[in-house]
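Enquirer: After the structure tokens below, expect a handful of questions from me.
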């Protein structure tokens with residue numbers, strides 16, 4: 022039971038840090054927002070928190086139990102939405118920006134590809150952090166935001182801020198998962214050498 026409580030607490034903490042980064046993005050926009058957003062993933066990595074998009078690419082390499090990964094995902098999504106709702110009452114401008122952003126999302130091949138590419142970047146960022154450098158996070162997070170790639174936990178927070186729901190979130194979860202695992206698969210032979 023203690024293990025699951027820690028798993029949940031670390032997932033809530035990760036959602037909060039990504040929420041703070043996403044709030045800065047919605048408030049400040051480009052070019053400052055994407056740079057500040059990187060603080061969220063830096064905090065997640067340095068504090069050892071549980072972020073689905075930072076864990077899913079390491080499912081096999083770190084021998085993560087699929088049930089643990091699913092718990093992390095569900096908690097990230099629920100906590101992220103709740104955090105977004107809390108943010109929605111703090112600033113009407115942030116809420117308006119979130120509503121505008123959600124209005125551009127759709128269920129399409131393009132949205133899936135943007136989600137896959139975000140998963141690729143997330144894997145690279147966390148992989149580089151595990152190898153001793155934060156450069157993957159510092160450059161990777163602004164990169165996926167500037168390119169309009171889709172991050173499922175940031176998106177669920179935006180949905181909370183907008184006080185709505187969009188089924189594209191499920192496409193985003195799938196795409197992030199595929200992109201992270203694809204990058205792991207493509208790099209695993211290199212790791213063995």
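In the working numbering, the protein residues as written are 22 to 214.
Backbone N, C-alpha and C define an ideal beta-carbon position, used for all residues, glycine too.
Fair warning: this is a prediction, and the values are worked out from it, not measured in the lab.
1) Going by the beta-carbon positions, is the gap between residue 139 and residue 170 smaller than 7 Å?
2) Taking the alpha carbon of residue 145 as the reference point, which residue from 22, 98 and 209 has its own alpha carbon closest?
3) For residue 154, report the span of its alpha helix (DSSP H) as first-last.
4) State yes or no: is the C-beta of residue 197 within less than 7 Å of the C-beta of residue 136?
5) Whole beta strand (DSSP E) runs in the segment 37-112 with 3 or more residues, listed along the chain?
6) For the pair the segment 174-184 and the segment 102-118, tell me if three or more CB-CB distances fall below 8 Å.
7) Starting from the C-beta of residue 112, find all residues in its chain whose C-beta is less than 8 Å away, skip the five residues before and the five after it, and write them out in chain order.
8) Alpha carbon to alpha carbon, what distance is there between residue 60 and residue 29?
9) How would you write the range of the alpha helix (DSSP H) that residue 128 sits in, first residue to last?
10) Tell me which residue opens and which closes the alpha helix (DSSP H) that residue 173 is part of.
11) Taking the Cβ atom as the reference point for each residue, do residue 75 and residue 147 lie within a distance shorter than 7 Å?
12) Under 8 Å Cβ to Cβ from residue 177, same chain only, skipping five residues before and after it: list those, please.
13) Going along the chain, which residues of its own chain have a beta-carbon closer than 8 Å to the beta-carbon of residue 179, five neighbours each way excluded?
14) Report the three-state DSSP secondary structure of residue 193 (helix, strand or coil).
15) Select from 107, 206, 162 and 90 the residue whose C-alpha is nearest the C-alpha of residue 58.
16) Could you check the C-alpha separation between residue 175 and residue 40 for me, to the nearest Å?
17) Going by CA-CA distance only, name the one from 153, 25, 200 and 27 that's closest to residue 66.
18) What is the DSSP secondary structure of residue 170, reduced to helix, strand or coil?
19) So what does DSSP say about residue 22, is it helix, strand or coil?
Expert: Result, derived from the coordinates:
1) If you number the chain shown from 1, residue 139 lands on position 118. If you number the chain shown from 1, residue 170 lands on position 149. A Cβ-Cβ contact shorter than 7 Å links residue 139 with residue 170.
2) Position 124 of the chain shown holds residue 145. It is 209.
3) For this step, residue 154 is matched to residue 133 along the chain shown. For residue 154, no alpha helix (DSSP H) encloses it, and the DSSP letter there is neither H nor E.
4) Mapped onto the chain shown, residue 197 falls at position 176. Mapped onto the chain shown, residue 136 falls at position 115. In contact: residue 197 and residue 136 (Cβ atoms closer than 7 Å).
5) You should have found no qualifying run.
6) The segment 174-184, when compared against the segment 102-118, does touch it at the 8 Å Cβ threshold.
7) Taking the first residue of the chain shown as position 1, residue 112 is located at position 91. The residues are 48.
8) As a first step, residue 29 must be located in the chain shown, where it is residue number 8. As a first step, residue 60 must be located in the chain shown, where it is residue number 39. Spanning the alpha carbons of residue 29 and residue 60 requires a straight line of approximately 21 Å.
9) By 1-based counting over the chain shown, the position of residue 128 is 107. Note, residue 128: premise wrong, no alpha helix (DSSP H); not H, not E.
10) Against the chain shown, residue 173 aligns to sequence position 152. Membership of residue 173 in the alpha helix (DSSP H) is indicated by the continuous run 173-183.
11) Start at 1 with the first residue of the chain shown, and residue 75 comes out as number 54. Start at 1 with the first residue of the chain shown, and residue 147 comes out as number 126. Between residue 75 and residue 147, the CB-CB gap stays under 7 Å.
12) Residue numbering aside, residue 177 sits at position 156 when the chain shown is read from its first letter. Excluding positions up to five away in sequence, the list reads 97, 98, 101, 102, 105 and 190.
13) One-based indexing of the chain shown puts residue 179 at position 158. Correct list, in chain order: 43, 47, 105, 119, 122 and 123.
14) To locate residue 193, count along the chain shown from 1; it is residue 172. The three-state secondary structure of residue 193, taken from DSSP, is helix.
15) What you label residue 58 is simply residue 37 of the chain shown in a count that begins at 1. Measuring from the Cα of residue 58, the nearest candidate turns out to be 162.
16) Working through the chain shown from its first residue, we reach residue 175 at position 154. Working through the chain shown from its first residue, we reach residue 40 at position 19. Rounded to whole angstroms, the separation of the alpha carbons of residue 40 and residue 175 is 7 Å.
17) The count along the chain shown starts at 1 and reaches residue 66 at position 45. Distances from the alpha-carbon of residue 66 to those of 153, 25, 200 and 27 put 153 closest.
18) By 1-based counting over the chain shown, the position of residue 170 is 149. Three-state DSSP puts residue 170 in coil, outside helix and strand.
19) Taking the first residue of the chain shown as 1, we reach residue 22 at position 1. Coil, per DSSP.
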